[in-house]
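Contents: one structure, followed by commentary.
Protein chains in written order, with my numbering: chain A, 1137 to 1462; chain B, 2 to 92.
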């Protein structure tokens, strides 16, 4: 058995735990090695690390992009006094906007398809944000079209970050997520894998990791079919393709079945004590796929993936789940 | 009497872009799925697996989820509207 040392970056000793603003508590999330996956049991040189983005104060990876877009708007003056932040979201970005808006005293209006999970609607309302619901049959794309109409009607009223087209979304991950992975693992990291929604996480993190002095294979994940159940992820071929998405950035895309993502979420809760949402389950399915390849090739690997949010954001999302045991 | 089935965006590639499909007198929701498959091959696999309706698909008769009726055996009298609603909003 080969044991490799992991360099501990100097700044880990000076990480600040007292913050002046909730915005400063976003990012610097822990990286957790998944140590109990049976697929890796006899292969100590093949490791999977989960970056716990669920530890952000708004409960998801989306806090990073929302902060970057809003701070950019304030800095450039495109978000002015008296304006309202408006955007379409399938939930977690909405929670992030609502939290940051509350902290900065800026009103927030969100357009969500009405089939967004109930906890997200409630959390958003708890922060004082207003929600408009779009047609559930149209999904996220219907919400995007709806918010575009709102902004066209009263452009002066709104600051529309447009998370699907705003370069500050991937920039948050270039400056944050990607850099933190390199800080924590240094030359050990060999792979990065994450799901595509707005694609901000994959675009920004991949761009930063590709600048590292050693090669890191970066892999995207999409649902395997257009009609899927992996909240937050996009089947690109059948969706409005986000402006920030560049298919050439990741080295490869893996297509994951909804059921496999859901089953992995269950497994992570029971086997690792990590209760996560379904897109995170899909991310770990992708990470295990890459781990299996490394094992087959007899190569060491350290694969980083993203835990986008916690599983409790999915309790009782719809009426039928009264009868569904999670 | 015809039964109207509302099709969500991601499945409209299978219905030639149509938002609604009209079916002739299916007696149950199971018959709705079979008739849909006959008209638009491939739809059944998107909706059902070996255990029944896939976990992330909701089938509504009017305003009621068939999981709270009689599932695929829910009887139809005609004139109902059936909706195929994704359990999630997407990315």
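C-beta: ideal position from N, C-alpha, C; glycine also.
Just so you know, the alpha carbons of residue 1251 of chain A and residue 1282 of chain A end up roughly 15 Å apart. Under the rule that a run must span 3 or more residues, no beta strand (DSSP E) segment is found entirely inside the segment 1272-1314 of chain A. Per the DSSP secondary-structure output, residue 66 of chain B pairs in a beta bridge with B:61. Contact note: residue 1426 of chain A does not reach chain B at a C-beta cutoff of 7 Å; the least C-beta distance is about 21 Å. What residue 14 of chain B touches in chain A, judged by beta-carbon distance under 9 Å, is 1362, 1374, going in chain order.
Counted as a single uninterrupted DSSP element, the stretch harbouring residue 32 of chain B is not any beta strand (DSSP E) but the alpha helix (DSSP H) occupying residues 30-40. Looking at the DSSP output, residue 1396 of chain A shares a beta bridge with no other residue. Around the C-beta of residue 11 of chain B, 16 or more other C-beta atoms lie within 10 Å, and the residue is accordingly described as buried.
Contact annotation, residue 1272 of chain A with residue 1297 of chain A: C-beta distance approximately 23 Å; criterion of less than 8 Å not satisfied. In the three-state reduction of the DSSP assignment, residue 1424 of chain A falls in the helix class.
For residue 1337 of chain A, the enclosing alpha helix (DSSP H) begins and ends at 1336-1345. Around the CB of residue 39 of chain B, fewer than 16 other CB atoms lie within 10 Å, so the residue is classed as exposed.
Interface criterion met: the Cβ of residue 86 of chain B is under 9 Å from a Cβ in chain A. Look at residue 5 of chain B: its C-beta is not under 9 Å from any C-beta on chain A.
Under the criterion of beta carbons closer than 8 Å, residue 1330 of chain A and residue 1419 of chain A qualify as touching, at roughly 6 Å. Rounded to the nearest whole angstrom, the C-alpha separation of residue 47 of chain B and residue 1292 of chain A is 43 Å. Between residue 1192 of chain A and residue 1416 of chain A, the alpha-carbon positions lie close to 15 Å from each other. In the three-state scheme derived from DSSP, where H, G and I count as helix and E and B as strand, residue 1327 of chain A is classed as strand. For residue 1370 of chain A, the residues of chain B that pass the 7 Å Cβ criterion are 91, 92, in the order they occur in the chain. Rounded to the nearest whole angstrom, the C-alpha separation of residue 1363 of chain A and residue 1194 of chain A is 28 Å. Contact between the segment 1229-1244 of chain A and the segment 1255-1268 of chain A is present, with at least three C-beta pairs closer than 8 Å.
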